[in-house]
Amino acid sequence: MEATSDYKVALKWASELLGELNVPSVFIGEENFLEAFKTESSFSFTTKGDMPYGQAFGPNPHIDPRWEKCAVAYGNGQPTFGHLQIANQFDFYGRKTEVIQGFEELSICTDDALIEKVLKENAPNSSVYPGNSEIIFWGEVNQAAFGALVKWKSGFHVLVSIVTVEAERGKGLATELTKRMVSKAAQLGITEVALGVAHKNIGAIKAYEKAGFKEMAQFTNYYLEPSLQSKH
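Residue numbers (our numbering): 42 to 273.
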(Lines of atoms letter the chains of each structure in order from A and count residues from 1; the text may use other names and numbers.)
(Lines give C-alpha, C1' and ligand atoms only; values in the text may rest on other atoms or scores of the structure.)
Protein backbone atom coordinates (compact mmCIF):
# COMPACT_ATOMS: atom_id res chain seq x y z
CA MET A 1 0.00 0.00 0.00
CA GLU A 2 1.09 3.57 -0.71
CA ALA A 3 0.04 6.64 1.24
CA THR A 4 0.31 10.35 0.52
CA SER A 5 -0.53 13.64 2.21
CA ASP A 6 -0.01 15.50 -1.08
CA TYR A 7 -3.38 16.77 -2.33
CA LYS A 8 -2.42 16.74 -6.01
CA VAL A 9 -1.03 13.22 -5.82
CA ALA A 10 -4.24 12.03 -4.18
CA LEU A 11 -6.34 13.49 -7.02
CA LYS A 12 -4.01 11.85 -9.55
CA TRP A 13 -4.46 8.47 -7.89
CA ALA A 14 -8.24 8.87 -7.87
CA SER A 15 -8.26 9.80 -11.54
CA GLU A 16 -6.07 6.83 -12.49
CA LEU A 17 -8.36 4.32 -10.75
CA LEU A 18 -11.79 5.92 -11.15
CA GLY A 19 -11.61 8.08 -14.27
CA GLU A 20 -11.42 11.80 -14.97
CA LEU A 21 -14.82 12.63 -13.43
CA ASN A 22 -14.70 10.85 -10.08
CA VAL A 23 -16.28 11.21 -6.66
CA PRO A 24 -13.10 11.90 -4.65
CA SER A 25 -12.43 14.99 -6.78
CA VAL A 26 -15.86 16.27 -5.72
CA PHE A 27 -15.33 15.66 -1.99
CA ILE A 28 -11.61 16.34 -1.49
CA GLY A 29 -10.66 19.96 -0.97
CA GLU A 30 -7.09 21.05 -0.44
CA GLU A 31 -7.93 22.67 2.90
CA ASN A 32 -9.68 19.64 4.38
CA PHE A 33 -7.49 16.90 2.88
CA LEU A 34 -5.45 14.75 5.28
CA GLU A 35 -4.23 11.59 3.56
CA ALA A 36 -4.94 9.14 0.72
CA PHE A 37 -4.11 5.46 0.34
CA LYS A 38 -3.87 3.22 -2.71
CA THR A 39 -3.14 -0.29 -3.80
CA GLU A 40 -3.21 -1.66 -7.33
CA SER A 41 -7.02 -1.84 -7.34
CA SER A 42 -8.25 0.20 -4.34
CA PHE A 43 -8.24 3.80 -3.15
CA SER A 44 -9.36 5.58 0.00
CA PHE A 45 -8.89 9.01 1.51
CA THR A 46 -9.39 10.92 4.75
CA THR A 47 -10.53 14.49 5.28
CA LYS A 48 -10.84 16.62 8.39
CA GLY A 49 -13.89 18.54 9.57
CA ASP A 50 -16.53 18.19 12.26
CA MET A 51 -15.63 14.50 12.19
CA PRO A 52 -12.82 12.71 10.31
CA TYR A 53 -14.41 11.45 7.09
CA GLY A 54 -13.33 8.99 4.44
CA GLN A 55 -14.38 7.29 1.24
CA ALA A 56 -13.30 3.84 0.10
CA PHE A 57 -13.19 2.36 -3.40
CA GLY A 58 -12.20 -1.05 -4.70
CA PRO A 59 -12.11 -4.59 -3.31
CA ASN A 60 -9.66 -4.05 -0.44
CA PRO A 61 -9.35 -0.37 0.51
CA HIS A 62 -7.33 0.81 3.47
CA ILE A 63 -9.52 1.59 6.51
CA ASP A 64 -8.20 4.63 8.36
CA PRO A 65 -8.66 4.24 12.15
CA ARG A 66 -9.27 7.99 12.36
CA TRP A 67 -12.56 7.75 10.46
CA GLU A 68 -15.70 8.57 12.41
CA LYS A 69 -17.73 8.38 9.20
CA CYS A 70 -17.02 6.87 5.81
CA ALA A 71 -18.76 6.09 2.53
CA VAL A 72 -17.95 2.76 0.89
CA ALA A 73 -18.50 2.52 -2.86
CA TYR A 74 -20.33 -0.57 -4.12
CA GLY A 75 -19.99 -2.41 -0.82
CA ASN A 76 -22.08 -5.44 -0.04
CA GLY A 77 -24.02 -3.76 2.76
CA GLN A 78 -22.26 -5.55 5.57
CA PRO A 79 -23.30 -4.29 9.03
CA THR A 80 -19.81 -3.06 9.91
CA PHE A 81 -16.82 -1.68 8.03
CA GLY A 82 -13.73 -1.85 10.15
CA HIS A 83 -14.56 -0.04 13.40
CA LEU A 84 -17.68 1.63 11.94
CA GLN A 85 -21.37 0.67 11.87
CA ILE A 86 -23.77 0.85 8.93
CA ALA A 87 -26.08 3.88 8.78
CA ASN A 88 -27.67 4.50 5.35
CA GLN A 89 -27.04 4.54 1.61
CA PHE A 90 -26.91 7.10 -1.20
CA ASP A 91 -25.98 7.21 -4.87
CA PHE A 92 -23.88 9.81 -6.64
CA TYR A 93 -24.21 11.07 -10.22
CA GLY A 94 -22.30 13.52 -12.40
CA ARG A 95 -21.93 14.93 -15.88
CA LYS A 96 -20.05 17.45 -18.00
CA THR A 97 -22.02 20.64 -18.51
CA GLU A 98 -23.30 22.05 -21.77
CA VAL A 99 -25.95 24.47 -22.92
CA ILE A 100 -28.80 22.07 -23.70
CA GLN A 101 -30.91 23.00 -26.70
CA GLY A 102 -34.41 23.98 -25.65
CA PHE A 103 -33.34 24.43 -22.01
CA GLU A 104 -31.06 27.44 -22.32
CA GLU A 105 -33.00 29.67 -19.90
CA LEU A 106 -33.45 29.25 -16.15
CA SER A 107 -35.69 31.24 -13.82
CA ILE A 108 -33.72 32.29 -10.74
CA CYS A 109 -35.73 32.29 -7.53
CA THR A 110 -34.85 34.82 -4.83
CA ASP A 111 -37.89 34.22 -2.63
CA ASP A 112 -36.18 32.46 0.27
CA ALA A 113 -39.42 32.19 2.24
CA LEU A 114 -41.13 30.35 -0.63
CA ILE A 115 -38.17 27.99 -1.14
CA GLU A 116 -38.01 27.18 2.57
CA LYS A 117 -41.76 26.54 2.69
CA VAL A 118 -41.63 24.17 -0.31
CA LEU A 119 -38.65 22.28 1.11
CA LYS A 120 -40.18 21.87 4.56
CA GLU A 121 -43.49 20.67 3.13
CA ASN A 122 -42.15 18.41 0.36
CA ALA A 123 -38.53 17.46 1.16
CA PRO A 124 -37.78 18.30 4.81
CA ASN A 125 -34.54 16.29 4.84
CA SER A 126 -32.99 18.39 2.07
CA SER A 127 -29.30 19.05 2.64
CA VAL A 128 -29.32 22.78 1.86
CA TYR A 129 -31.79 25.53 2.76
CA PRO A 130 -31.75 29.25 1.93
CA GLY A 131 -28.99 31.08 3.77
CA ASN A 132 -26.31 28.46 3.18
CA SER A 133 -23.06 30.25 2.27
CA GLU A 134 -22.22 27.74 -0.50
CA ILE A 135 -25.28 28.62 -2.62
CA ILE A 136 -24.64 30.22 -6.02
CA PHE A 137 -28.29 30.37 -7.07
CA TRP A 138 -31.71 28.77 -6.65
CA GLY A 139 -33.42 27.74 -9.88
CA GLU A 140 -37.12 27.07 -10.33
CA VAL A 141 -39.65 25.87 -12.89
CA ASN A 142 -43.25 27.12 -12.66
CA GLN A 143 -42.81 27.69 -8.92
CA ALA A 144 -43.31 23.93 -8.61
CA ALA A 145 -39.75 22.60 -8.84
CA PHE A 146 -36.73 24.11 -7.10
CA GLY A 147 -33.05 23.34 -6.70
CA ALA A 148 -29.77 25.00 -5.74
CA LEU A 149 -26.33 25.06 -7.31
CA VAL A 150 -23.63 25.16 -4.65
CA LYS A 151 -19.85 25.30 -4.68
CA TRP A 152 -18.22 22.98 -2.17
CA LYS A 153 -14.90 23.63 -0.45
CA SER A 154 -13.34 21.23 -2.93
CA GLY A 155 -14.16 23.78 -5.63
CA PHE A 156 -16.62 21.37 -7.27
CA HIS A 157 -20.17 22.42 -8.11
CA VAL A 158 -23.09 20.28 -6.96
CA LEU A 159 -26.86 20.41 -7.51
CA VAL A 160 -28.64 20.03 -4.18
CA SER A 161 -32.09 20.19 -2.56
CA ILE A 162 -33.90 19.43 -5.81
CA VAL A 163 -37.59 19.23 -4.97
CA THR A 164 -40.91 19.11 -6.81
CA VAL A 165 -44.15 20.08 -5.10
CA GLU A 166 -45.98 16.82 -4.43
CA ALA A 167 -49.09 17.73 -6.44
CA GLU A 168 -46.93 18.52 -9.51
CA ARG A 169 -44.86 15.33 -9.55
CA GLY A 170 -44.86 13.03 -12.56
CA LYS A 171 -44.84 15.90 -15.07
CA GLY A 172 -41.12 15.88 -15.83
CA LEU A 173 -40.41 19.09 -13.92
CA ALA A 174 -37.36 17.69 -12.10
CA THR A 175 -35.78 16.70 -15.42
CA GLU A 176 -36.58 20.09 -16.92
CA LEU A 177 -35.19 21.94 -13.91
CA THR A 178 -32.02 19.87 -13.87
CA LYS A 179 -31.40 20.43 -17.59
CA ARG A 180 -31.89 24.16 -17.17
CA MET A 181 -29.52 24.21 -14.19
CA VAL A 182 -26.88 22.33 -16.19
CA SER A 183 -27.24 24.87 -19.00
CA LYS A 184 -26.94 27.78 -16.55
CA ALA A 185 -23.83 26.22 -14.99
CA ALA A 186 -22.27 25.91 -18.46
CA GLN A 187 -23.06 29.57 -19.16
CA LEU A 188 -21.25 30.49 -15.93
CA GLY A 189 -18.13 28.65 -17.10
CA ILE A 190 -18.60 25.61 -14.88
CA THR A 191 -17.49 22.45 -16.69
CA GLU A 192 -18.74 19.64 -14.42
CA VAL A 193 -21.57 19.17 -11.92
CA ALA A 194 -22.64 16.34 -9.64
CA LEU A 195 -25.50 15.44 -7.33
CA GLY A 196 -26.43 12.93 -4.65
CA VAL A 197 -29.67 10.98 -4.47
CA ALA A 198 -31.21 8.58 -1.97
CA HIS A 199 -30.14 5.03 -2.76
CA LYS A 200 -32.32 3.50 -5.48
CA ASN A 201 -34.77 6.43 -5.53
CA ILE A 202 -35.95 5.26 -8.94
CA GLY A 203 -38.08 8.28 -9.77
CA ALA A 204 -35.36 10.81 -9.03
CA ILE A 205 -32.66 8.74 -10.72
CA LYS A 206 -34.70 8.47 -13.91
CA ALA A 207 -35.16 12.24 -13.90
CA TYR A 208 -31.44 12.86 -13.53
CA GLU A 209 -30.51 10.25 -16.15
CA LYS A 210 -32.87 11.95 -18.60
CA ALA A 211 -30.89 15.12 -17.90
CA GLY A 212 -27.66 13.37 -18.90
CA PHE A 213 -26.29 12.37 -15.50
CA LYS A 214 -24.33 9.12 -15.17
CA GLU A 215 -23.82 7.05 -12.05
CA MET A 216 -20.45 7.64 -10.41
CA ALA A 217 -20.92 5.40 -7.35
CA GLN A 218 -23.40 3.77 -5.01
CA PHE A 219 -22.37 4.32 -1.40
CA THR A 220 -23.06 2.77 1.98
CA ASN A 221 -22.44 5.19 4.86
CA TYR A 222 -20.83 3.98 8.07
CA TYR A 223 -20.52 5.88 11.35
CA LEU A 224 -18.56 5.40 14.54
CA GLU A 225 -21.93 5.67 16.28
CA PRO A 226 -25.17 5.51 14.24
CA SER A 227 -26.68 8.22 16.45
CA LEU A 228 -24.19 10.69 14.95
CA GLN A 229 -25.86 10.57 11.55
CA SER A 230 -28.67 12.85 12.74
CA LYS A 231 -26.08 15.53 13.50
CA HIS A 232 -24.14 15.41 10.24
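Beta carbons: idealized from backbone N, C-alpha and C, even for Gly.
Discussion item. Among the candidates Val-223, Lys-220, Arg-221, Pro-165, whose CA atom is the shortest distance from the CA of Glu-207?
Written reply: Pro-165
Worksheet item: So, are the CB atoms of Phe-86 and Leu-59 less than 8 Å apart?
Response: no
Practice prompt. Have a look at the DSSP bridge pairing and note the partners of Thr-121.
Written response: Gln-126
Worksheet item: Starting from Leu-190 and walking both ways along the beta strand (DSSP E), at which residues does that stretch end?
Response: 186-192
Worksheet item: Going along the chain, which residues of its own chain have a beta-carbon closer than 7 Å to the beta-carbon of Ile-231, five neighbours each way excluded?
Response: Thr-138, His-198
Worksheet item: Between Tyr-263 and Asp-91, what straight-line distance do the alpha-carbon atoms span, to the nearest angstrom?
Response: 15 Å
Worksheet item: Taking 8 Å as the CB-CB cut-off, is Glu-209 touching chain C?
Response: Going by chain labels, chain C is absent from the structure shown, which holds only one protein chain.
Fill in: Bridge partner(s) assigned by DSSP for Ile-149
Gly-180
Practice prompt. Give me the Cα-Cα distance between Val-201 and Asp-132, rounded to the nearest whole angstrom.
Written response: 13 Å
Worksheet item: Excluding the five sequence neighbours on either side, which residues of its own chain have a C-beta within less than 8 Å of the C-beta of Val-169, listed in chain order?
Response: Glu-175, Ile-176, Ala-189, Val-191, Val-201, Ser-202
Fill in: Span of the beta strand (DSSP E) around Thr-88
84-88
Worksheet item: DSSP state of Gln-259, grouped into three classes?
Response: strand
Worksheet item: Helix or strand or just coil, what does DSSP make of Arg-210?
Response: coil
Practice prompt. Leaving aside the five residues before and after Glu-109 along the sequence, list all residues of the same chain whose C-beta is less than 6 Å from its C-beta, in chain order.
Written response: Met-92, Pro-93, Leu-265
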